[in-house]
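Beneath this line is the structure, given in structure tokens, with notes to follow.
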Amino acid sequence: MVDSVLTNLLLNFLFIIVGLLAFALYYDFTKKTPSKGIVIFLSTITILLCVLFSHELTAGVYVDLRRIPFFLASLYFGPFVSFVLMIVIILLRYMFIGSGLIHLVILNYFITFLILAAFSKGFLRAKKKVKMLFTIVICFSMTVFNLVFGYVYEAEISRNEYIYLVLIPLAATIISVMIAEMIRKLMMMRRTLSQHEKLQVVSQLAASISHEVRNPLTSSKGFLQLMREEKDEKMQKQFIDLSLKGIDQATHVIEDYLTFTNSTPDKIERINVKHSIVDLIEMVKPLAQHVSFSYHLIDDIYVDGQSHSFRKCIGNIMKNAI
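Here the UniProt record's numbering is used: the first residue of the sequence shown is 1, the next is one more, and so on.
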């Protein structure tokens, strides 16, 4: 009997560890904290396996570790997850173990749910030692509750069996919370490291962005100087339009910088290559002193991409050639 109880408890603990690893792997692949739905699903599977490998010590008294997934999910993901898992535990207990002492199970888990719901927010902000102490108190309280009612209903429990009912579940709960805290800490460290790496790249971009902004602004400055000397209103309007295009290009460079820092998706559009190149040639002409342009463009040539990035790329090639 001893071997059977220990085997079932070790299997229960293995299921809990696998569930925690599945949680960590989900974050590793998606780079996102699992939603409440995912948490409920993983916890339900773990609780189901714990119930299936529950061991009956005496009539109506079963020993397993189903409470641990309930504790962890309740403390780290709040009252809604806690309430759903409370219902799940009660239903699974009724379906696979039976209705014996089911009213005590309902009362026990409902009281625990109220306590966990009240302290879940404070638990996340608490220090590790406080979390351990709180976990011990809750787990021990549930166990005492079961033992008291077992005594009231004259359940025959030997001294050795108290080890399975009290010490092993308590130790497994503490170890599980420690592992959960370690996973949570690693997730936070990885998130911080990712942000740090991104800030390093952003700082490098900031050092080079002045070059990208300076080129279109220099073009706009040249057009404005020409406009001051030009008397023809038509030419002045053309210079104003070209100056505005240069300013727009500088604006797009800054937007690209902000887009990268905010991780917002880019918009892909259809680009008319001929129109874009002709506009760029008109923009760089003020920079081309004693330089002539020779080009041959084919109509109806299109590419898919970001218009401002395409114009910036071709424009930089032209300016470097000049």
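The beta carbon of each residue, even a glycine, is placed where N, CA and C say it ideally should be.
- In this structure, the straight-line span from the alpha carbon of I68 to that of T173 is close to 6 Å.
- Between the beta-carbon of C50 and that of N12 there is about 5 Å, and that keeps the pair under the 8 Å contact cut.
- DSSP lists V303 as the bridge partner or partners of I271.
- DSSP, read as helix, strand or coil, puts L242 in helix.
- Put simply, the backbone Cα of R93 is about 32 Å away from that of K128.
- Annotated three-state conformation of V291 is coil, per DSSP.
- A distance below 7 Å between beta-carbons, with the five flanking residues on each side excluded, links F140 to the following residues of its chain, in chain order: L170.
- By DSSP's assignment, Y62 forms a beta bridge with E56.
- Taking every protein chain shown into account, the CB of H196 has fewer than 16 other CB atoms within 10 angstroms, so this residue is exposed.
- Relative to F123, the option among V166, T192, L280 and Y76 whose CA is nearest is Y76.
- DSSP places P79 within a helical segment (H, G or I) once states are collapsed to three.
- A direct Cα-Cα distance of roughly 11 Å separates I277 from C313.
- Here F15 has T46, L49 and C50 as same chain residues with Cβ atoms under 7 Å from its own Cβ, once five neighbours each way along the sequence are excluded.
- Between the alpha carbons of I38 and I209 lies a gap of roughly 42 Å.
- Counted as a single uninterrupted DSSP element, the alpha helix (DSSP H) harbouring I106 occupies residues I102 to R125.
- Excluding its 5 nearest sequence neighbours in each direction, D64 has C-beta neighbours in its own chain below 8 Å: N8, L9, N12, C50, V51, F53, S54 and H55, listed in chain order.
- In the three-state reduction of the DSSP assignment, H296 falls in the coil class, being assigned neither a helical nor a strand state.
- The C-alpha of N215 is placed about 59 Å away from the C-alpha of A117.
- The alpha-carbon separation between L165 and L57 amounts to approximately 9 Å.
- Look at I322 here: in three-state DSSP terms it is coil, with no helix or strand label.
- Shown here, I97 sits in coil according to DSSP, grouped into three states, outside any helix or strand.
- With a cut-off of 8 Å on Cβ pairs, the stretch 236 to 255 is not in contact with the stretch 178 to 197, counting fewer than three such pairs.
- With 16 or more other CB atoms across the displayed protein chains lying within 10 angstroms of its CB, A73 is buried.
- Relative to the Cα of V105, the nearest Cα in the group Q225, F145 and Y302 belongs to F145.
- Put simply, the backbone Cα of T44 is about 19 Å away from that of Y62.
- With respect to the 7 Å criterion, I271 and S307 are classified as neighbours on the basis of their beta carbons.
- In terms of CA proximity to T218, V284 leads the group V284, F83 and F70.
- Of the residues assessed, V303 falls on the exposed side of the cut-off, its CB having fewer than 16 other CB atoms within 10 angstroms.
- By the criterion of a C-beta distance shorter than 8 Å, T33 is surrounded in its chain by Y27 and M187, once the five residues flanking it on both sides are discounted.
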